[in-house]
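Reading through the structure tokens given below for one structure.
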Amino acid sequence: MIVETDVLVRFAETDQMGIVHHATYLLYFEVGRVAFSKAVNASYNELEQAGFSLAVVEAKVRFAAPARFDQKLAIRTWIRKASSRAVTFAYEIVDGMTTQRVVTGHTRHICVDREGKVRRIPGKWYQAIKDNEYGE
Numbered sequence: 518m519i520v521e522t523d524v525l526v527r528f529a530e531t532d533q534m535g536i537v538h539h540a541t542y543l544l545y546f547e548v549g550r551v552a553f554s555k556a557v558n559a560s561y562n563e564l565e566q567a568g569f570s571l572a573v574v575e576a577k578v579r580f581a582a583p584a585r586f587d588q589k590l591a592i593r594t595w596i597r598k599a600s601s602r603a604v605t606f607a608y609e610i611v612d613g614m615t616t617q618r619v620v621t622g623h624t625r626h627i628c629v630d631r632e633g634k635v636r637r638i639p640g641k642w643y644q645a646i647k648d649n650e651y652g653e
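Going by this note's numbering, the sequence shown opens with residue 518, and the numbers climb by one from there.
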């Protein structure tokens, strides 16, 4: 399953060159992850209330074209790979009007408890992740 979420580039997200600052794309990835989790009925909020978090342990961003202030972007998010303790989300961000690719990337997460110990992803969330694993 691929979940698509729209964002509008805010002025504060741009740099001195007038384009979206490279670090902002990691925030957009998070927007996509949260939307994906809600779409598969496994919200991050509920996971955290249960005492778990998905800690980012790896992030990769590949830039294809610049995005600018007030530009509509579509964040496409899916599960590339999942295991009992880890999940890799993949992303493609495109121009919301032309569908020109702006960025691709992925983040890898490990499930941890409140003490930071690695744990298995709890049943409901693990099942939602596995049921919606899409691959490359």
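Glycine included, each C-beta is placed from N, C-alpha and C at the ideal position.
For the stretch 581–589 against the stretch 624–644, do three or more pairs of beta-carbon atoms, one drawn from each stretch, fall closer than 8 Å, so that the two count as touching?
Taking 8 Å as the limit for Cβ pairs, the verdict is that the stretch 624–644 does not touch the stretch 581–589.
Gln-617 versus Met-518: straight-line alpha-carbon distance, rounded:
Mapped onto the sequence shown, residue 617 falls at position 100. Mapped onto the sequence shown, residue 518 falls at position 1. For Gln-617 and Met-518, the distance between alpha carbons rounds to 21 Å.
Kindly identify the DSSP beta-bridge partner or partners of Asp-523.
For the purposes of this step, residue 523 is taken as the residue at position 6 of the sequence shown. As DSSP reads the structure, Asp-523 sits in a beta bridge with Ala-591.
For Asp-612, list the residues DSSP reports as bridge partners.
Here residue 612 refers to the residue found at position 95 of the sequence shown. For Asp-612, which the question treats as bridged, DSSP gives the partners Leu-590.
Sequence-distant residues of the same chain with beta carbon closer than 6 Å to Val-557, five excluded per side:
Within the sequence shown, numbered from 1, the residue matching residue 557 stands at position 40. These residues qualify, in order along the chain: Ala-645 and Asn-649.
In terms of alpha-carbon separation, which member of Gly-568, Ser-600 and Asp-523 lies closest to Val-548?
Mapped onto the sequence shown, residue 548 falls at position 31. Taking Val-548 as reference, the option from Gly-568, Ser-600 and Asp-523 with the minimal CA-CA separation is Asp-523.
What residue does the beta strand (DSSP E) around Ser-570 start on, and which one ends it?
Position 53 of the sequence shown holds residue 570. According to the DSSP assignment, Ser-570 belongs to the beta strand (DSSP E) that extends over 569–580.
Under the rule that 16 or more other beta-carbon atoms within 10 Å means buried, what is Ala-463, buried or exposed?
Since the first residue shown for the chain is 518 and the last is 653, residue 463 is missing from the structure and cannot be characterised.
Taking 8 Å as the limit between beta carbons, can you name the residues of its chain near His-626, skipping five residues before and five after?
Stepping through the sequence shown from its first residue, residue 626 is reached at position 109. So the list reads Leu-571, Ala-572, Val-573, Val-574, Ala-603, Val-604, Thr-605 and Phe-606, once near-sequence residues are dropped.
Using the Cα positions of Trp-642 and Arg-593, report the straight-line distance between them to the nearest angstrom.
Here residue 642 corresponds to residue number 125 of the sequence shown, with the count starting at 1. Here residue 593 corresponds to residue number 76 of the sequence shown, with the count starting at 1. The C-alpha of Arg-593 is placed about 20 Å away from the C-alpha of Trp-642.
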